[in-house]
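The structure under discussion appears below in the form of C-alpha coordinates.
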(Lines of atoms letter the chains of each structure in order from A and count residues from 1; the text may use other names and numbers.)
(Lines give C-alpha, C1' and ligand atoms only; values in the text may rest on other atoms or scores of the structure.)
Protein backbone atom coordinates (compact mmCIF):
# COMPACT_ATOMS: atom_id res chain seq x y z
CA UNK A 1 0.00 0.00 0.00
CA UNK A 2 1.67 3.27 -1.15
CA UNK A 3 0.55 5.83 1.39
CA UNK A 4 1.12 9.35 2.66
CA UNK A 5 0.96 10.22 6.38
CA UNK A 6 0.24 13.91 7.06
CA UNK A 7 -1.53 16.25 9.48
CA UNK A 8 -5.05 17.04 8.32
CA UNK A 9 -6.50 20.50 7.80
CA UNK A 10 -9.76 21.61 9.43
CA UNK A 11 -11.39 21.24 5.99
CA UNK A 12 -10.32 17.56 5.93
CA UNK A 13 -11.71 16.88 9.41
CA UNK A 14 -15.09 15.99 7.90
CA UNK A 15 -13.45 13.06 6.09
CA UNK A 16 -11.90 11.86 9.36
CA UNK A 17 -15.24 12.14 11.14
CA UNK A 18 -16.89 10.14 8.34
CA UNK A 19 -14.34 7.34 8.97
CA UNK A 20 -15.27 7.37 12.67
CA UNK A 21 -18.99 7.13 11.84
CA UNK A 22 -18.28 4.28 9.42
CA UNK A 23 -16.17 2.46 12.04
CA UNK A 24 -18.84 2.87 14.75
CA UNK A 25 -21.31 1.10 12.46
CA UNK A 26 -18.76 -1.61 11.67
CA UNK A 27 -18.08 -2.18 15.39
CA UNK A 28 -21.82 -2.56 16.02
CA UNK A 29 -22.28 -4.96 13.10
CA UNK A 30 -19.29 -7.09 14.15
CA UNK A 31 -20.04 -7.42 17.86
CA UNK A 32 -17.14 -5.24 18.99
CA UNK A 33 -18.01 -3.31 22.11
CA UNK A 34 -15.75 -0.28 21.73
CA UNK A 35 -17.59 2.93 20.82
CA UNK A 36 -21.23 3.35 21.90
CA UNK A 37 -22.76 5.34 19.03
CA UNK A 38 -24.83 7.97 20.85
CA UNK A 39 -22.25 8.78 23.51
CA UNK A 40 -19.18 8.55 21.30
CA UNK A 41 -20.44 10.59 18.36
CA UNK A 42 -21.86 13.31 20.59
CA UNK A 43 -18.65 13.59 22.61
CA UNK A 44 -16.29 13.24 19.63
CA UNK A 45 -18.27 15.26 17.11
CA UNK A 46 -17.14 17.02 13.95
CA UNK A 47 -16.16 20.17 15.87
CA UNK A 48 -13.83 18.08 18.04
CA UNK A 49 -11.99 16.85 14.93
CA UNK A 50 -11.89 20.33 13.37
CA UNK A 51 -10.35 21.72 16.56
CA UNK A 52 -7.78 18.91 16.68
CA UNK A 53 -6.85 19.72 13.07
CA UNK A 54 -6.40 23.41 13.94
CA UNK A 55 -3.97 22.36 16.68
CA UNK A 56 -2.04 20.07 14.28
CA UNK A 57 -3.15 16.95 16.18
CA UNK A 58 -5.38 15.27 13.57
CA UNK A 59 -3.35 13.00 11.29
CA UNK A 60 -4.38 11.08 8.22
CA UNK A 61 -3.17 8.21 6.10
CA UNK A 62 -3.91 8.65 2.41
CA UNK A 63 -3.81 6.09 -0.34
CA UNK A 64 -3.57 8.20 -3.46
CA UNK A 65 -6.06 11.00 -2.70
CA UNK A 66 -8.34 8.92 -0.45
CA UNK A 67 -8.20 9.20 3.34
CA UNK A 68 -8.08 5.58 4.55
CA UNK A 69 -7.26 6.10 8.26
CA UNK A 70 -7.03 8.91 10.78
CA UNK A 71 -6.45 9.57 14.46
CA UNK A 72 -5.77 12.34 16.92
CA UNK A 73 -2.17 12.27 18.20
CA UNK A 74 -1.60 14.09 21.49
CA UNK A 75 1.62 14.91 23.35
CA UNK A 76 -0.10 14.56 26.73
CA UNK A 77 -3.08 12.62 28.07
CA UNK A 78 -4.55 12.97 31.58
CA UNK A 79 -5.55 9.30 31.48
CA UNK A 80 -1.86 8.51 31.93
CA UNK A 81 -1.14 10.93 34.79
CA UNK A 82 -0.44 8.08 37.24
CA UNK A 83 2.21 6.55 34.97
CA UNK A 84 5.76 7.48 34.06
CA UNK A 85 5.86 10.75 32.16
CA UNK A 86 7.91 10.05 29.06
CA UNK A 87 7.95 11.55 25.57
CA UNK A 88 5.00 9.81 23.90
CA UNK A 89 2.24 10.23 21.41
CA UNK A 90 -1.21 9.33 22.70
CA UNK A 91 -3.40 7.86 19.97
CA UNK A 92 -7.12 8.69 20.10
CA UNK A 93 -10.06 8.10 17.77
CA UNK A 94 -8.17 5.78 15.41
CA UNK A 95 -10.50 4.86 12.57
CA UNK A 96 -9.80 3.18 9.25
CA UNK A 97 -11.93 2.67 6.17
CA UNK A 98 -13.75 -0.63 6.56
CA UNK A 99 -12.99 -1.65 2.97
CA UNK A 100 -9.20 -1.10 3.34
CA UNK A 101 -7.89 -4.03 5.31
CA UNK A 102 -4.64 -3.14 7.04
CA UNK A 103 -5.13 0.64 6.91
CA UNK A 104 -5.31 0.96 10.70
CA UNK A 105 -2.14 -1.07 11.16
CA UNK A 106 -0.40 1.00 8.47
CA UNK A 107 -1.49 4.19 10.24
CA UNK A 108 0.08 2.90 13.47
CA UNK A 109 3.31 1.98 11.63
CA UNK A 110 3.55 5.44 10.07
CA UNK A 111 2.76 7.06 13.44
CA UNK A 112 5.61 5.06 15.00
CA UNK A 113 8.06 6.37 12.38
CA UNK A 114 6.90 9.97 12.83
CA UNK A 115 6.94 9.60 16.63
CA UNK A 116 10.57 8.42 16.53
CA UNK A 117 11.45 11.39 14.31
CA UNK A 118 9.90 13.61 17.00
CA UNK A 119 11.95 11.93 19.77
CA UNK A 120 8.98 10.08 21.29
CA UNK A 121 9.72 6.89 23.22
CA UNK A 122 6.23 5.38 23.19
CA UNK A 123 2.94 5.24 21.37
CA UNK A 124 0.19 5.03 23.99
CA UNK A 125 -3.54 4.45 23.71
CA UNK A 126 -6.55 3.20 25.55
CA UNK A 127 -9.43 1.00 24.54
CA UNK A 128 -12.47 -0.30 26.34
CA UNK A 129 -11.63 -2.76 29.10
CA UNK A 130 -13.25 -6.11 28.47
CA UNK A 131 -13.55 -5.53 24.70
CA UNK A 132 -11.71 -8.72 23.79
CA UNK A 133 -11.43 -8.23 20.03
CA UNK A 134 -10.04 -4.70 20.12
CA UNK A 135 -7.68 -5.50 23.00
CA UNK A 136 -6.41 -8.55 21.09
CA UNK A 137 -5.88 -6.37 18.00
CA UNK A 138 -3.68 -3.92 19.90
CA UNK A 139 -1.84 -6.71 21.70
CA UNK A 140 -1.04 -8.24 18.30
CA UNK A 141 0.30 -4.86 17.14
CA UNK A 142 2.76 -4.78 20.05
CA UNK A 143 0.85 -2.60 22.50
CA UNK A 144 1.48 -4.03 25.95
CA UNK A 145 -1.03 -3.84 28.78
CA UNK A 146 -0.10 -1.13 31.30
CA UNK A 147 -3.17 -0.68 33.49
CA UNK A 148 -6.77 0.42 33.78
CA UNK A 149 -8.39 3.83 33.66
CA UNK A 150 -11.96 4.89 34.24
CA UNK A 151 -14.31 7.84 34.16
CA UNK A 152 -18.00 7.62 35.01
CA UNK A 153 -19.22 4.32 33.54
CA UNK A 154 -16.31 3.95 31.09
CA UNK A 155 -13.46 1.62 32.01
CA UNK A 156 -10.47 1.58 29.70
CA UNK A 157 -7.36 -0.51 29.24
CA UNK A 158 -4.16 1.51 28.88
CA UNK A 159 -1.64 0.12 26.38
CA UNK A 160 1.74 1.28 25.12
CA UNK A 161 4.32 0.32 22.56
CA UNK A 162 7.99 1.11 23.14
CA UNK A 163 9.60 2.68 20.09
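In my numbering, the protein residues as written are 58 to 220. The C-beta atom is built at its ideal place from N, Cα and C for all residues, glycine as well.
Here DSSP, grouped into helix, strand and coil, assigns residue 127 to strand.
Per DSSP, residue 97 is one residue of the alpha helix (DSSP H) stretching across 94-100. Beta-bridge pairing by DSSP links residue 148 to 130 and 182. Under the three-state reduction of DSSP, residue 59 is assigned to coil, being neither helix nor strand. Within a 10 Å sphere around the beta-carbon of residue 138 sit fewer than 16 other beta-carbons, which makes this residue exposed. Judged by their CB atoms, residue 177 and residue 118 are not nearer to each other than the 8 angstroms cut-off. Secondary structure of residue 117 (DSSP, three-state): strand. According to DSSP, residue 218 shares a beta bridge with 180. Distance between residue 157 and residue 125, taken at the CA atoms: about 7 angstroms. Between the stretch 179-194 and the stretch 83-95, the count of Cβ pairs shorter than 8 angstroms is three or higher; the stretches touch.
A contact is defined here as three or more CB-CB pairs under 8 angstroms, and the stretch 100-115 meets this definition with respect to the stretch 60-73.
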